[in-house]
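>
2 protein chains.
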Amino acid sequence: MTLLINLDLESDEPIYTQLKHQIIAGIAKGLLKPGDGLPSVRSMAADIGINLHTVNKAYQQLKQEGFILIHRQKGVVVNPDGVQQADEEYRSKLIKTLHPLIAESLCRGMNEDEFLQLCSRLFKEFS
Amino acid sequence: MTLLINLDLESDEPIYTQLKHQIIAGIAKGLLKPGDGLPSVRSMAADIGINLHTVNKAYQQLKQEGFILIHRQKGVVVNPDGVQQADEEYRSKLIKTLHPLIAESLCRGMNEDEFLQLCSRLFKEFS
DNA sequence: TATCTGTTATATTATATGTATAACAGATAG
DNA sequence: CTATCTGTTATACATATAATATAACAGATA
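As they're listed, the protein sequences go chains A and B.
For the first sequence, the working numbering begins at 1 and goes up steadily by one.
For the second sequence, the working numbering begins at 128 and goes up steadily by one.
#1: Can you confirm whether leucine 165/B, when its beta carbon is compared against all beta carbons of chain A, has any partner nearer than 7 Å?
#2: Would you call methionine 128/B buried or exposed, if buried means 16 or more other Cβ atoms sit within 10 Å of its Cβ?
#3: For a cutoff of 7 Å on Cβ pairs, would you count glutamate 231/B as touching chain A?
#4: Going by the DSSP bridge assignment, what does glycine 82/A pair with across the sheet?
#5: Flag methionine 1/A as yes if its beta-carbon sits less than 7 Å from any beta-carbon of chain B, otherwise no.
#6: From threonine 181/B to isoleucine 175/B, what distance separates their C-alpha atoms?
#7: Any beta-carbon of chain A closer than 7 Å to the one on isoleucine 236/B?
#8: Could you please give me the residues that DSSP links to isoleucine 68/A through a beta bridge?
#9: Hey, how far is the Cα of glycine 162/B from the Cα of aspartate 139/B?
#10: Going straight from the alpha carbon of alanine 155/B to that of leucine 136/B, what length do you get?
#11: Closest by CA to leucine 183/A, which one among Lys57/A, Gln60/A and Leu4/A?
#12: Any idea which residues DSSP pairs glycine 37/A with across the strands?
#13: According to DSSP, simplified to helix, strand and coil, what is aspartate 214/B?
#14: So that I know if they touch, is there some Cβ in chain B lying closer than 7 Å to that of isoleucine 24/A?
#15: What in chain B is Cβ-close to alanine 28/A, meaning under 7 Å?
#16: Give the straight-line distance between the Cα atoms of leucine 19/A and leucine 196/B, rounded to the nearest whole angstrom.
#17: Quick one: what does DSSP say arginine 248/B is sitting in, helix, strand or coil?
#18: Can you find a CB in chain A that lies within less than 7 Å of the CB of glutamate 239/B?
#19: According to the Cβ coordinates, are methionine 314/B and alanine 25/A closer than 7 Å?
#20: Exposed or buried, what is alanine 173/B when buried is set at 16 or more other beta-carbons lying within 10 Å of its beta-carbon?
#21: Reducing DSSP to helix, strand and coil, say where methionine 110/A ends up.
#22: Whole angstroms are fine: how far does the CA of arginine 235/B sit from the CA of proline 100/A?
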């Protein structure tokens, strides 16, 4: 099964970031399981019509963050050991990202319940 | 009362974005109330040791997003009518931001409860 | 008049993004 | 052995963003 990638070339979000997010979402949804193979940088680039180096940048970061392994022989593979569990560093990064989102939501009259319910709804997407 | 601004010049987050976030956080916490004045672009720039145009960029975006008003005479003022309530456009943008955060958190073994509790804890900071 | 305001215009430097082309070394299939 | 595919590295180029630096203008104010 091939994960279908959908890019928005007009978006402010860089292409390599969109690619990363969709692969991570694929893992979260279970469409990509530990050990599953991913297309080579060249074929992925050809498939979605972008440059080899843009794919490579996404892959390198996914490797750096523990989502995938890249073997010279076996190619690109979803980390068979699973992704490293959330540690303090990750939680700290997450909080730094969430903080301004919550601040703005409060300014715009969203209360805690509304926000949490929205998050809860997003969690339901991954199951 | 002057809102104290704390910048990290080493951060990946652009300076004007840090400034925006801290002003929005000030509003969310009630340190800045509707009608309160903000320093002029020049004095704010001098206070925190950055360029006038960097402050101006933050102010222009805050104005564009409805957080502040800029009068030729009265100077810079927190929107006296309050910020525009969350509409569908805002919720859609918020979802686009939260989606990849939740995907990665799931990959890293955080379940829904853990994530919601973390958000809840952040909400408590604004009261 | 002098000063402060927001605003606009230019210019420069540095970094990020994306593409293009090329090459190298290891593995594999014919 | 040859040809092909792999990840990887190196350069180069174009564009956009971020941040700074000066400078100027017009309106308001002391």
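Here a beta-carbon is modelled for each residue, glycine too, at the ideal position from N, C-alpha and C.
Computed from a predicted model, the values in this text were never measured in an experiment.
To lay it out plainly:
#1: Along the second sequence, read from residue 1 onward, the residue named residue 165/B stands at position 38. Against chain A, the CB of leucine 165/B has no partner CB under 7 Å away; the residue lies outside that interface.
#2: Counting from 1 along the second sequence, the entry for residue 128/B is found at position 1. Caution applies to methionine 128/B, whose pLDDT of 44 falls short of 50 and renders its modelled position unreliable; the model cannot decide the point.
#3: Residue mapping note: residue 231/B aligns to position 104 of the second sequence, counting from 1. So yes, glutamate 231/B belongs to the interface.
#4: The residue labelled residue 82/A in the question sits at position 82 within the first sequence. None; glycine 82/A has no bridge partner.
#5: For the purposes of this step, residue 1/A is taken as the residue at position 1 of the first sequence. Confidence in methionine 1/A is poor, its pLDDT being 44 and thus under 50, which makes the residue's placement unreliable; the coordinate value appears in the next sentence. No, no contact with chain B.
#6: Counting from 1 along the second sequence, the entry for residue 181/B is found at position 54. Counting from 1 along the second sequence, the entry for residue 175/B is found at position 48. Roughly 11 Å separates the two Cα atoms.
#7: Within the second sequence, numbered from 1, the residue matching residue 236/B stands at position 109. Checking the sequence, you will find glycine at residue 236/B rather than isoleucine. Yes - at least one Cβ of chain A is within 7 Å of the one on glycine 236/B.
#8: Here residue 68/A refers to the residue found at position 68 of the first sequence. Note: isoleucine 68/A sits in a beta bridge opposite Val78/A.
#9: Counting from 1 along the second sequence, the entry for residue 162/B is found at position 35. Counting from 1 along the second sequence, the entry for residue 139/B is found at position 12. Rounded to the nearest whole angstrom, the C-alpha separation of glycine 162/B and aspartate 139/B is 32 Å.
#10: Taking the second sequence and counting its residues from 1, the one referred to as residue 155/B is at position 28. Taking the second sequence and counting its residues from 1, the one referred to as residue 136/B is at position 9. Their backbone Cα atoms lie some 24 Å apart in a straight line.
#11: Look at the range of chain A in this structure, 1 to 127, and you will see that residue 183/A is not part of it.
#12: For the purposes of this step, residue 37/A is taken as residue 37 along the first sequence, with counting starting at 1. The partner list for glycine 37/A (beta bridge, DSSP) reads Val77/A.
#13: Along the second sequence, read from residue 1 onward, the residue named residue 214/B stands at position 87. Three-state result, aspartate 214/B: coil.
#14: Taking the first sequence and counting its residues from 1, one reaches residue 24/A at position 24. Yes, its Cβ sits closer than 7 Å to a Cβ of chain B.
#15: Translated into positions along the first sequence, residue 28/A becomes position 28. Chain-order list of chain B residues neighbouring alanine 28/A: Ala230, Leu233 and Cys234, by C-beta distance under 7 Å.
#16: For the purposes of this step, residue 19/A is identified with residue 19 of the first sequence, where counting begins at 1. For the purposes of this step, residue 196/B is identified with residue 69 of the second sequence, where counting begins at 1. Distance between leucine 19/A and leucine 196/B, taken at the CA atoms: about 38 Å.
#17: For this step, residue 248/B is matched to residue 121 along the second sequence. Secondary structure at arginine 248/B: helix, using DSSP grouped into helix, strand and coil.
#18: Counting from 1 along the second sequence, the entry for residue 239/B is found at position 112. Closer than 7 Å to some Cβ of chain A, the Cβ of glutamate 239/B qualifies, so yes.
#19: Any property of residue 314/B remains undetermined from this structure, which presents chain B solely from 128 to 254.
#20: Taking the second sequence and counting its residues from 1, the one referred to as residue 173/B is at position 46. So alanine 173/B counts as exposed.
#21: Along the first sequence, read from residue 1 onward, the residue named residue 110/A stands at position 110. Looking at methionine 110/A - three-state DSSP - the assignment turns out to be coil, as it is neither helix nor strand.
#22: Counting from one through the first sequence, the residue named residue 100/A turns up at place 100. Counting from one through the second sequence, the residue named residue 235/B turns up at place 108. Those two C-alpha atoms are separated by around 22 Å.
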